[in-house]
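Worksheet: one structure, shown below.
In this note's numbering, the protein residues as written are 7 to 316.
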């Protein structure tokens with residue numbers, strides 16, 4: 007059921023989307039609320055399931071990892087078997103993102119692995135268990151990720167986070183990885199609480215976070231929102247291009263960043279060249295956005311495929 011949100015809620019969501027680690031005092035000033043009122047409104051957005059979590063954006067490439075997006079088409083399954091497959095993937099430490107979808111594919115997921123051998127280990131284990139239920143699969147390697155912070159809350163243009171692969175690796179230790187794991191799923195956890203979990207001092211945690219930000223391992227923070235709760239649908243579109251040179255790619259990214267409905271653009275190697283993700287009110291708005299892209303970049307687009315994510 008769709009929940010109603012007012013302008014103050016929209017300002018809160020917009021502020022947290024830009025920086026989910028900022029203090030209540032900082033956000034209250036931007037939103038124009040008392041700190042206590044802001045706190046209760048945030049708790050209300052959480053209890054209604056609109057805010058699901060507070061995330062930290064981490065450049066995993068600099069830690070020696072790689073993203074592998076996968077599309078799966080199932081066969082010979084029952085609802086029970088589908089739940090079992092989904093549950094297996096949910097529990098895997100390799101999974102960064104996992105959803106069901108509607109279209110030519112049934113499941114879309116993203117695997118994090120330390121290179122191709124590590125990824126092969128995950129795939130071999132998965133297929134050994136469930137290959138009879140996999141009718142088809144597409145596997146991609148991600149080379150560049152653009153995250154466009156949502157501006158449609160307040161009809162504003164916002165900044166973006168760009169994550170790219172490369173040869174430069176950050177010399178991380180075990181405590182860095184533990185800290186990043188905590189921040190990746192709970193960006194608002196207080197320093198005192200993190201320090202207690204990692205058996206160190208808040209001062210040390212603050213120093214480590216600043217260092218990880220300086221090294222661009224931590225690239226920012228945002229919120230994870232259940233858009234179905236506020237009447238939005240989530241679509242993923244894959245594109246193949248006739249010729250995508252650097253100039254054309256920059257033109258695409260500029261357009262996507264300025265478009266309020268487009269949230270992610272990911273450059274990939276595989277059956278397609280690029281994927282985008284968008285949030286829209288309904289299928290009519292989705293078609294309108296997609297047609298706009300096709301009209302503007304008809305000289306580039308060879309083919310495309312879309313999925314409704316849920």
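Idealized CB from N, CA, C, for every residue including glycine.
(request) State yes or no: is the C-beta of residue 23 within less than 9 Å of the C-beta of residue 239? (result) In the chain shown, counting from the first residue as 1, residue 23 sits at position 17. In the chain shown, counting from the first residue as 1, residue 239 sits at position 233. With respect to residue 239, residue 23 sits apart: the two C-beta atoms are not nearer than 9 Å.
(message) Please classify residue 241 as buried or exposed, where buried requires at least 16 other C-beta atoms within 10 Å of its C-beta.
(response) On the chain shown, position 235 is the one that residue 241 refers to. That one is buried.
(request) Taking residue 142 as the reference, give the member of 82, 201, 104 with the closest Cα. (result) Mapped onto the chain shown, residue 142 falls at position 136. Residue 82 is the option with its Cα nearest to residue 142.
(request) List the residues that DSSP assigns as beta-bridge partners of residue 102. (result) As a first step, residue 102 is located in the chain shown; it is residue number 96 there, counting from the start. Secondary-structure assignment with DSSP links residue 102 through no beta bridge to anything.
(message) Here's a check: name, in chain order, each residue in its chain whose Cβ is nearer than 7 Å to the Cβ of residue 104, leaving out the five neighbours to either side.
(response) Counting from 1 along the chain shown, the entry for residue 104 is found at position 98. Contacts found: 95, 96, 115.
(request) Tell me where the beta strand (DSSP E) around residue 310 begins and ends. (result) Walking along the chain shown from the start, residue 310 turns up at place 304. Where residue 310 is concerned, the enclosing beta strand (DSSP E) starts and stops at 307-315.
(request) List the whole-angstrom C-beta distance separating residue 307 from residue 247, where the pair is believed to meet the contact cut-off of C-beta under 8 Å. (result) Translated into positions along the chain shown, residue 307 becomes position 301. Translated into positions along the chain shown, residue 247 becomes position 241. A Cβ-Cβ distance of about 6 Å is found for the pair residue 307 and residue 247, placing them in contact under the 8 Å criterion.
(message) Just verifying my parser: in three-state terms, what is the DSSP assignment at residue 46?
(response) For the purposes of this step, residue 46 is taken as residue 40 along the chain shown, with counting starting at 1. Note: residue 46 maps to helix in three-state DSSP.
(request) Could you say which of 196, 199, 203 lies nearest to residue 318 if we only look at CA atoms? (result) As shown, the chain starts at 7 and ends at 316. That puts residue 318 outside it, with no answer to give.
(request) Assign residue 142 to one of three DSSP states: helix, strand, or coil. (result) Stepping through the chain shown from its first residue, residue 142 is reached at position 136. Reduced to three states, the DSSP call for residue 142 is strand.
(message) On the CB-based measure, 16 or more other CB atoms within 10 Å of its CB, does residue 275 come out buried or exposed?
(response) Counting from one through the chain shown, the residue named residue 275 turns up at place 269. Under this definition residue 275 is an exposed residue.
(request) Out of 100, 296, 112, 232, point me to the one whose CA is closest to residue 130's CA. (result) Counting from one through the chain shown, the residue named residue 130 turns up at place 124. Residue 100 is the option with its Cα nearest to residue 130.
(message) DSSP three-state label for residue 136, please.
(response) Residue mapping note: residue 136 aligns to position 130 of the chain shown, counting from 1. Of the three classes helix, strand and coil, the one that applies to residue 136 here is helix, per DSSP.
(request) Specify the secondary structure class of residue 192 as computed by DSSP and reduced to three states. (result) For the purposes of this step, residue 192 is taken as residue 186 along the chain shown, with counting starting at 1. The three-state secondary structure of residue 192, taken from DSSP, is strand.
(message) Three or more C-beta pairs under 8 Å: does that hold for the stretch 163-170 against the stretch 31-48?
(response) No contact exists between the stretch 163-170 and the stretch 31-48.
(request) Throw me the rounded Cβ distance for the residue 311 and residue 110 pair, which I believe falls under 8 Å. (result) Position 305 of the chain shown holds residue 311. Position 104 of the chain shown holds residue 110. Between residue 311 and residue 110 a beta carbon distance of about 6 Å is seen, short of the 8 Å cut, so the two are scored as contacting.
(message) I'd like the span of the alpha helix (DSSP H) that includes residue 261, first residue to last.
(response) Along the chain shown, read from residue 1 onward, the residue named residue 261 stands at position 255. Per DSSP, residue 261 belongs to the alpha helix (DSSP H) from 252-264.
(request) Could you pull the start and end residues of the alpha helix (DSSP H) that residue 292 belongs to? (result) Indexing the chain shown from 1 puts residue 292 at position 286. Unbroken alpha helix (DSSP H) run through residue 292: 289-302.
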